[in-house]
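> Just passing along the structure, written as structure tokens.
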Amino acid sequence: MYIHIDEPTQTISKNAAKVWRISNTIGHTIVLIIIAILLLCTEKFDWYNWVGITLYVLGGLFIISAVFSIIIEPVYLQKTWRYQVDKDFVQLKFGRWEQQHILIPMEKVEYVRTEQGPLMRRYGLYEIEIGTTASNHKIPAIPADTAKTLKAEIATYAKIRDNEAEKGEVGA
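Each residue of the sequence shown is one higher than the one before, counting from 1 in full-length UniProt numbering.
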């Protein structure tokens with residue numbers, strides 16, 4: 001009665017950890033600068049004592065969070081991400097403690113889109129977004145040549161038409 005589905009084996013790029021580290025570093029640095037400015041304002045404008053204490057506690061917690069987000073989490077995510085595409089399903093598997101294994105039937109796929117921000121462009125990576133009627137799913141940090149092939153492969157399996165190619169056929 002049950003069909004056997006093999007576990008996904010394809011991995012994301014090793015550069016994913018670098019991109020996530022840089023991105024997390026930028027975000028955490030901005031927040032720490034804001035906390036530092038607020039601490040200076042606390043001293044300069046003689047705000048209530050509890051405001052300064054609260055900002056010091058938030059800053060300390062945020063530094064601990066930054067260490068985890070910049071050093072530990074990117075490597076962990078890169079090592080646990082797996083995906084697989086075949087004519088029946090797109091499989092996504094990620095997480096170690098809270099493991100998710102998502103099967104997306106090709107009949108439900110409505111669109112496939114690639115995204116590339118400035119950091120991902122620097123490392124030649126794309127993020128593939130697969131949309132269904134109910135939700136969308138992303139495969140992060142795929143090398144450029146693999147991403148283009150994968151996008152075309154998913155679109156072919158799901159029988160998605162390229163709207164830009166059909167613009168010349170309006171009314172036909």
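A virtual CB, placed ideally from N, CA and C, is assigned to each residue, including glycine.
(1) Any idea if proline 118 is buried or exposed, counting beta-carbon neighbours within 10 angstroms, 16 or more meaning buried?
(2) Please list the segments of the alpha helix (DSSP H) lying wholly inside the region 29-113, counting only runs of 4 or more residues, in order along the chain.
(3) Which residue's Cα is closest to the Cα of glutamine 10: Ala141, Ala158 and Ala152?
(4) For glutamine 84, which residues from the same chain have a beta carbon less than 7 Å from its beta carbon, with the 5 sequence-adjacent residues on both sides left out?
(5) Are valine 109 and alanine 158 close, meaning C-beta to C-beta below 8 Å?
(6) Roughly how many angstroms separate the alpha carbons of glutamate 169 and alanine 155, rounded to a whole number?
(7) Can you tell me which of Gly59, Arg121, Lys18 and Gly124 puts its alpha carbon nearest to the alpha carbon of isoleucine 72?
(8) Expressed to the nearest angstrom, what Euclidean distance is found between the alpha-carbon atoms of leucine 32 and tyrosine 56?
(9) Three-state secondary structure (DSSP) at proline 118?
Considering the structure as presented:
(1) Here residue 118 refers to the residue found at position 118 when the sequence shown is read from its first residue. So proline 118 ends up on the exposed side.
(2) 49-67 and 73-80
(3) Along the sequence shown, one-based indexing puts residue 10 at 10. For glutamine 10, the nearest C-alpha among the options comes from Ala141.
(4) Counting from 1 along the sequence shown, the entry for residue 84 is found at position 84. So the list reads Pro8, Thr9, Gln10 and Gln91, once near-sequence residues are dropped.
(5) Your numbering for residue 109 matches position 109 in the sequence shown. Your numbering for residue 158 matches position 158 in the sequence shown. A contact, by the Cβ cut-off of 8 Å.
(6) Residue 169 sits at position 169 when you count from the first residue of the sequence shown. Residue 155 sits at position 155 when you count from the first residue of the sequence shown. Because glutamate 169 carries a pLDDT of 42, less than 50, the predicted location of this residue cannot be relied on, and the following value inherits that uncertainty. Distance between the alpha carbons of glutamate 169 and alanine 155: 20 Å.
(7) In the sequence shown, residue 72 corresponds to position 72, counting from 1. Comparing Cα positions, the closest option is Lys18.
(8) By one-based count along the sequence shown, residue 32 stands at place 32. By one-based count along the sequence shown, residue 56 stands at place 56. Cα to Cα, the separation comes out at about 11 Å.
(9) Position 118 of the sequence shown, counting from 1, holds the residue named residue 118. In the structure shown, proline 118 sits in a helix (DSSP, three-state: H, G or I).
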